[in-house]
């Protein structure tokens, strides 16, 4: 799973070498979090990103650094007594120490199955190189960029995974990609704008846009997700006067294990879409919560148990010579959603806007989340250990996908239900040949028949989400019908039983 | 410090009695968080809040409940296998258990000084009444209202402290008041609107508004904060055509230990301002991070060490017969800022908008923060223990305020520096008689002389924030000059030394 050269770079002590030049002092409140300090010197010889001033919303343009912070720069001299920032003394935090038991999965860190390690963090336990993030610092106010400690880890991880092909990229911590998407829309769009989305897409992403008065321009999809020619056609034929809106420039995609369709774009597909984005001057948002859940192709009745043979499709970020990609990474699917911790990667011009916006909204992820995750990722696992954990999670999703898809093969009525086994993520998209439904002949429409099938499934005690919940166009579809199933959390037994029940419901409905 | 009847109600086992009727099941992901379940039955006999539909922004009006959540209601029946929500299995969270060492301050819970207690939380350790929030639930996705467990505690605390005088009030957890204020502005205002603020106010609150294109209408202040007559006059004389904006209706205040002035509004002042708000149909935002840091009057050279004699000024929420108050509470100043956990209280109509907005942005506070704080507040301290902790924090801020103010009395040059000792919060506001500065005779303005004094203080190695950083009007002040000092975190020795240095700087400057 590791990209070429990563293992080699890690073996050569690459990270310690990067870090030795980093003069950052982590022992203080609001330690400086400038990504430039955390990148290898490989970036510096590349060209800078294009500028996106013309895309920033009025809101984003108005954002300025805090006047108090500017005045406070004077207060950072040695010997200064600061009566400036209204930050309480850590002496008054009731939390003296935190200890976290961490599972060691089989074959992981050479630990026996079921064993645990314990992470410790306490007030004032700062030690350079061994304990770089103490509880007194983590639980006080922090930077809008997130803690410098976390920022260093994700910057290094991003360079190892994606090596963005331009110089001035950077990262900013977020309280999760849901919030990062809300910020992105406010940063780039005005009310009445259109954004470009896949025809079926993440319902919450649509609802966020609609609330802001932003419309969706849906683009056709196939089994590999968004179709580049369809994108080109939509944009080439855009008429501002007819649509009463400027030409859309913000393209939102879930390129890997797409929600809801499970589709994963191949490298060729990504290159073709990037070329269309260059042609029309688009700015791309790649929302990638499932990136590490890429799975080998499903093989009926002979699961291999091997994920090693399956590489990861390169990200848009790794192809982004122009700096036109904002990548949203999330720890929700690979550590825990409740951590409310993720990060974005983009050119510094865009990252600076995220920092400003965070300063007057979420500020930064919870200090508990940041310090616990930092101790886990940086001190306990390290970069290689994190990659091994991702491999471990991927293997879990593989048996889940295999179990559910095999049950679908076994129990869903052929000719009525159709599906392409997912090759990433946690969703299986199932098409229903709704025009074969008995009600169709009586004139019943898509909505009516979808509801009938949904009700029938619920009666059999299985819940799948109707495809129209993800439909991004204003008129409901009359052509094809889908249901989304997730294999993320039900037990193996329940995954099989769920497919059996849904199969029974379909057989009843279609007689 | 406890409001009348609270100790009595707690003694009579009031909370267990409230709770016994609560049928909520906390053992599952996204347990239902309806505040109505957590309030005593006292509220139900009161009148409902006024409706605020006419104040909601277009954005707030567009917010609708999620279509998937609506479909998912069907999935809550017993025996249902849900392949709906894309929530990962808790089996894949590497965090098996969390243990937190909690300080027991002197005289607190009868513990010896320096002793610690340990809170434990683990996956799957749910037990009704004894362990109601397990790690597997806390670390998965949650409700936009925040965890039901936390919501129950803050709802009970709010009823004990404020007993809102209308029926349909409720609470919603936030990721801190900075974020809650950003949400409030987006919920009530359109670009070009004016909000009403104190003449000097929290700089970040202003910067948030300005970024959204919202303007500030500054209202005059005295030692008790905002002046009701000045408010009435500003609103009575508002001319829409002249100001090119509708009449302002959103009033933002920090009523207690105001930032930056340290002013605290008396009960009479609050009643007078509320009456003006009723007259002009205003909606009030009370931002109260320092509410629990109310201090007895400073008495030179004879600090009493006693805070017990000092009650708390009633909140706007406790006076709010109309439901026209949004109260923002924060745990930043009384537990730890890095927890990024607070809550808002308002009428259900407004709370529902917060829940919707959270669903597509921050979602909810970090699960680590919520579960740790819940274990501390609910299981370890309980309501009475939390009040005792607040008393403990208050005593700490009292010696700080006393030490700094005494040093100001001793070291600041009389006739040049003037100050009213703060009676709440963490800030001391110091007025400088800038027209006595030698440069004034040479024609130097306010800005020039403020900078000169600031530079001189920095040269003496002390940092105070210039008052203009908090100035809310568009033209800079030419009348009076202030500096803000915080006594929140410097050591006792440094607080005294800082006053000495600032005094020396002033003496140098004013010769």
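Chains as they are written, first to last, in full-length UniProt numbering: chain Z, 1 to 511; chain C, 1 to 511.
Beta carbons are placed, not taken as given, at the ideal position from N, Cα and C, and that holds for glycine.
Test: residue i CB closer than 9 Å to a CB of chain C
i: residue 336 of chain Z; result: yes
i: residue 259 of chain Z; result: yes
i: residue 201 of chain Z; result: no
i: residue 513 of chain Z; result: Nothing about residue 513 of chain Z can be read from this structure; chain Z reaches only from 1 to 511.
i: residue 101 of chain Z; result: yes
i: residue 509 of chain Z; result: no
i: residue 126 of chain Z; result: no
i: residue 210 of chain Z; result: yes
i: residue 477 of chain Z; result: no
Alpha-carbon spacing of residue i relative to residue j, whole angstroms
i: residue 252 of chain Z; j: residue 287 of chain Z; result: 7 Å
i: residue 507 of chain Z; j: residue 396 of chain Z; result: 31 Å
i: residue 390 of chain C; j: residue 266 of chain C; result: 21 Å
i: residue 102 of chain Z; j: residue 143 of chain C; result: 26 Å
i: residue 160 of chain C; j: residue 166 of chain Z; result: 57 Å
i: residue 480 of chain C; j: residue 432 of chain C; result: 8 Å
i: residue 427 of chain Z; j: residue 400 of chain Z; result: 10 Å
i: residue 176 of chain C; j: residue 352 of chain C; result: 17 Å
i: residue 388 of chain Z; j: residue 153 of chain C; result: 40 Å
i: residue 140 of chain Z; j: residue 126 of chain Z; result: 14 Å
i: residue 244 of chain Z; j: residue 238 of chain Z; result: 10 Å
i: residue 471 of chain Z; j: residue 227 of chain Z; result: 16 Å
i: residue 283 of chain C; j: residue 347 of chain Z; result: 41 Å
i: residue 383 of chain C; j: residue 62 of chain Z; result: 43 Å
i: residue 520 of chain Z; j: residue 477 of chain Z; result: This structure cannot speak to residue 520 of chain Z, because chain Z is shown only from 1 to 511.
i: residue 100 of chain C; j: residue 120 of chain Z; result: 10 Å
i: residue 39 of chain Z; j: residue 168 of chain Z; result: 10 Å
Close-in-space but distant-in-sequence residues of the same chain around residue i (CB under 7 Å, 5 per side omitted)
i: residue 183 of chain C; result: 354 and 357
i: residue 57 of chain Z; result: 186, 187, 188, 189 and 190
Residue i - DSSP class collapsed to helix/strand/coil
i: residue 120 of chain Z; result: strand
i: residue 342 of chain C; result: strand
i: residue 406 of chain Z; result: helix
i: residue 418 of chain C; result: strand
i: residue 282 of chain Z; result: coil
i: residue 349 of chain Z; result: helix
i: residue 254 of chain C; result: coil
i: residue 355 of chain C; result: helix
i: residue 307 of chain C; result: With a pLDDT of 48 at residue 307 of chain C, under the threshold of 50, the modelled position of this residue cannot be trusted, and the question is left open.
i: residue 505 of chain C; result: helix
i: residue 35 of chain Z; result: helix
i: residue 12 of chain C; result: Low per-residue confidence applies at residue 12 of chain C: pLDDT is 48, beneath 50, and the placement is therefore not dependable, though the value from the model is reported in the following sentence. The answer is coil: DSSP assigns residue 12 of chain C none of H, G, I, E or B.
Cβ shell of residue i (< 6 Å), same chain only, five flanking positions each side left out
i: residue 303 of chain C; result: For residue 303 of chain C, the predicted model reports a pLDDT of 48, less than 50, meaning its position is unreliable; a value from the coordinates is still stated below. The residues are 402.
i: residue 147 of chain C; result: 370
i: residue 453 of chain C; result: 509
i: residue 315 of chain Z; result: 162
i: residue 258 of chain Z; result: 225
i: residue 500 of chain C; result: 411
i: residue 502 of chain Z; result: 457 and 462
i: residue 277 of chain C; result: 284
i: residue 29 of chain C; result: 137 and 140
Beta carbon proximity, residue i to chain Z, threshold 9 Å
i: residue 175 of chain C; result: yes
i: residue 517 of chain C; result: The first residue shown for chain C is 1 and the last is 511, placing residue 517 of chain C beyond what the model contains.
i: residue 252 of chain C; result: no
i: residue 427 of chain C; result: yes
i: residue 80 of chain C; result: yes
i: residue 375 of chain C; result: no
i: residue 193 of chain C; result: no
i: residue 382 of chain C; result: no
Spatial neighbours of residue i in its chain, beta-carbon cut-off 8 Å, leaving aside the 5 residues before and after
i: residue 373 of chain C; result: 150, 331, 335, 339 and 341
Below-9 Å beta-carbon distance, residue i vs any chain D residue
i: residue 97 of chain Z; result: Absent from the structure: chain D. Protein chains present are Z and C.
query: Which residues, taken in chain order from the region 47-76 of chain Z, show a beta carbon closer than 8 Å to some beta carbon of chain C?
result: 58, 59, 62, 63, 64, 66, 67, 68, 71, 72, 74 and 75
Residues in the region 128-154 of chain Z having any Cβ partner in chain C nearer than 8 Å: From the region 128-154 of chain Z, only 138, 139, 140, 141 and 142 have a Cβ closer than 8 Å to chain C.
query: Name the residues in the region 347-371 of chain Z whose C-beta lies less than 9 Å from a C-beta of chain C; which are they?
result: 356, 357, 359, 360, 361, 362, 363, 364, 365, 366, 367, 368, 369, 370 and 371
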